[in-house]
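Going left to right, the sequence shown walks through residues 16 to 605 as my numbering numbers them. Have a look at the structure below before the remarks.
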Amino acid sequence: MSKGWDRALDLLRMRSIQFIITASFTFVTVLVMLFVGVMLYSKFSQTAEQNAYLYTQQTIEQVSYNLDRYLNDMTGIFNLVEEKVVRSQNIPDNKLTEQLETIVETRDDIVSLAVFTQQGELISGVPSQAMRKNTKLVEQSWFALAQENPKNLSFSLPHVQNLFKGQYPWVVSISKSVTIHKDNQQIPGVLLMDVNFKTIDDLSRKVSLGKKGYVYIIDLVGNIVYHPQQQLIYVGLKNENRLLPLRYSYGSYPDDSAEDKRLITIKTIDNIGWKIIGVSYMDEIVTTKKEISGFIFWLLIVVVIIVLFLLSYLSARISRPIKMLERSMKQVESGDLTVAASVKGSHEVEQLSHRFNLMVARIRQLMDQIIEEQEAKRKSELEVLQAQINPHFLYNTLNSAVRMAGVGKKEEVITTITSLSKLFRLSLGRGKPIITVAEELEHIRHYLIIQKMRYKQKFEYEIEAEEAALGCLTLKLLLQPIVENSIYHGIEQMADPGFIHIRAAIIGERILFQVSDNGLGMRPDVCAQILQGEHQSKGGSGVGVKNIHERIRLYYGEAYGVSIESEEEMGTVVSIWIPFIEPKGEEESA
């Protein structure tokens, strides 16, 4: 039993307005926050990827710009040296050597300058050290490139400078075929400028693409010019996928050839054809996404907790007036109609409280009205009961019977006593206020027989009823007070015999009792006073027309009752309207 009660309480709590407001707004808030979180995550992730791509491209662009600028500077110096060599036909060799030494001294990154014949003979060179023996100059890559492309500058791969004794730096050789003057003759030769590779290495090594990313350089055919892990590549411990950079000259492309997914960004240096390749690892970009998703997740949790707290507080504030109103309703439900709800809150709640107070006041008013109506009905029934046993009427009737017996009118006495007994039997029988139309007409017929005997045939009467109306139900003792008034106030004072006509008929959805007499009649204003109970008259049973009118309206409603039409010396017509009600069940069998 206790478990069932606990479940019922839990269900009520879940259906309470506070719970519904909190749950609904929390659900909507979480839904909106999830939507916003997904949108922010998508936007931030996309922006993070774009920023990573953009950063990598900008970095590679910067490296390309610095390297291109440096190589352009070296190209400018090479062109200056070439110009001096070409014009050296009138300058002694030692004079040309001095000029070359001056150029080398101005730049720390120029290792050597030299002019060779096509057969590899040194014409002039800086530094002034002797060349190494057994050096096959024509087999050097820079020498062959100059021969193959006489009109263009050639850049060799990084290598150890091994021409002159005592120097073995890591250099890039720039070479070109030139025309030189020797012994007053123009002969083809090769101009060589060795540039220290350390400068190029520094320009590339300072670049960082994340924690693991790096930059390397290849030439047109894929040979590595620079790589931060070049020694590992030479010994075969590391391998670079150079097919992708060789396929493209510019842009960013995913590389799935390695275990770790990478982003390859390519930029080509146009004048020499070298390609600068930036390598970024995708897991670092994904790490940025994870950081964003983690931040958004915890932000969502914190916001939901704050919103839940605020909604709980606000829903409690919103539902508190309604709960107070609910307590007032429970008091009314328990029977306390003195409750006056004084709830402050939103406009709707205040209006609801106001309407509740109006409703309670209306209920009190209706209950008071019901009590009054019941009291009036009780008094009416009491008056009817008193009329049924009216001692004055009983005395007069018995006195008349005694007089008739004294003069030997046995038949009249028998008729009077029989009608009186039947009158009281019908009046008091079963103790119920509702009888059939036939019983009501039978009751008034016996009453008229008695009154006719008393007044010595001073009036005649006629009772007329539709067959369909006889079985319908009606209040008891409606006609007797009306007929009494007709006799006492309309016919008794007449010199001529009177006539009373009683009719019962069905008119639409109503039943009409009509009592007509040809008595003295009355003024129309007196008719109105009688219905309002303002006209006082002597005689009768004490159950006035107003009482009959109120009894009918108490039982059947405002649409029914009594109406009077009368003119002086023309008689009176009293109409009684009640609803058409057929007997059912016990009433019919009774």
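The beta carbon of each residue, even a glycine, is placed where N, CA and C say it ideally should be. Predicted model only: the values in this text are computed from it and were never measured.
beta-carbon residue i near the ligand COA non-hydrogen atom, thresh 6 Å
i	result
Ala331	Of ligands this structure carries none, so the ligand COA is not represented either.
Rounded straight-line distance, which links the Cα of residue j to that of residue i
i	j	result
Arg257	Val193	34 Å
Val47	Trp313	15 Å
Lys253	Ser308	34 Å
Arg277	Ser330	53 Å
Gly140	Thr112	6 Å
Val560	Met344	44 Å
Leu26	Gln346	Low per-residue confidence applies at Leu26: pLDDT is 48, beneath 50, and the placement is therefore not dependable, though the value from the model is reported in the following sentence. Cα to Cα, Leu26 sits roughly 23 Å from Gln346.
Ile337	Glu348	16 Å
Leu413	Phe514	24 Å
Gly555	Glu507	With a pLDDT of 48 at Gly555, under the threshold of 50, the modelled position of this residue cannot be trusted; read the value that follows with caution. Cα to Cα, Gly555 sits roughly 12 Å from Glu507.
Thr587	Gly534	7 Å
Arg102	Asn286	26 Å
Gln544	Tyr570	23 Å
Ser188	Gly135	16 Å
Gly557	Ser368	Caution is warranted here: a pLDDT of 40 is assigned to Gly557, below 50, making its placement in the model unreliable, and the coordinate value is therefore given only provisionally. Approximately 49 Å, taken between the alpha carbons.
Ile92	Ile311	56 Å
Leu235	Val317	56 Å
Glu255	Leu55	37 Å
Glu475	Ile386	43 Å
Ile567	Ala420	40 Å
Ala519	Glu597	15 Å
Leu69	Leu152	45 Å
Ile404	Lys447	Any answer about Ile404 is weak, because its pLDDT of 47 lies below 50 and its placement is not dependable; what the coordinates show is given next. So the alpha carbons of these two residues sit roughly 16 Å apart.
Ile591	Gly486	17 Å
Buried versus exposed, by CB contacts within 10 Å (16 or more), residue i
i	result
Met374	exposed
Val589	buried
Leu86	buried
Val210	buried
Lys471	exposed
Thr431	buried
Arg84	exposed
Asp351	exposed
Pro496	buried
Met208	buried
Gln401	With a pLDDT of 49 at Gln401, under the threshold of 50, the modelled position of that residue is not reliable, and the figure given next carries that caveat. Flag for Gln401 reads exposed.
Gln155	buried
Lys290	buried
Ser262	It should be noted that the sequence gives Arg, not Ser, for residue 262. Label assigned to Arg262: exposed.
Tyr183	exposed
Residues that residue i bridges to, as DSSP identifies them
i	result
Val294	Tyr229 and Ile279
Pro269	Leu278
His196	Gln201
Val187	Val210
Glu477	His516
Trp592	Leu527 and Gly576
Leu490	Ile449
Asp540	The partner list for Asp540 (beta bridge, DSSP) is empty, contrary to what the question assumes.
Thr132	Gly204
Glu582	Gly586
Ser169	Ser190
Ile239	Ile233
Gly140	Ala129
Phe179	Met146
Cβ distance (whole Å) where residue i is taken to contact residue j below 8 Å
i	j	result
Thr280	Thr44	With 8 Å as the limit, Thr280 and Thr44 do not qualify as a contact, their Cβ atoms being about 43 Å apart.
Val498	Leu463	7 Å
Glu583	Met537	6 Å
Gly204	Thr150	Their Cβ separation, rounded to whole angstroms, is 17 Å, which puts Gly204 and Thr150 out of contact at 8 Å.
Phe170	Met146	Phe170 to Met146, Cβ: 22 Å. No contact.
Ala484	Ile526	6 Å
Member of the options whose CA lies at the smallest distance from the CA of residue i
i	options	result
Asn411	Asp209, Ser57, Lys467 and Glu365	Lys467
Ile36	Leu492, Leu325 and Asp217	Leu325
Val541	Tyr296, His516, Ser581 and Ile521	Ser581
Thr121	Arg102, Val96 and Asp216	Val96
Val417	Gln366, Ile75, Arg469 and Gly288	Arg469
Ile75	Val100, Asn164 and Gly228	Gly228
Glu457	Arg440, Pro448 and Lys473	Arg440
Ile284	Val322, Glu255 and Ile233	Ile233
Leu492	Glu479, Ala453, Ile522 and Tyr503	Ala453
Ile125	Lys151, Val100, Met89 and Thr150	Met89
Phe50	Ala376, Leu224, Leu315 and Asn238	Leu315
Ile215	Ile593, Lys197 and Val78	Val78
Leu435	Leu490, His461 and Tyr231	His461
Leu206	His564, Lys221, Trp157 and Arg525	Trp157
Asp271	Arg147, Met297 and Tyr265	Met297
Ser267	Asn66, Glu477, His504 and Ile593	Asn66
Ile195	Ala129, Ser219 and Leu224	Ala129
Proximity test, Cβ basis, 7 Å: residue i and chain D
i	result
Arg460	The structure shown contains no chain D; it holds only a single protein chain.
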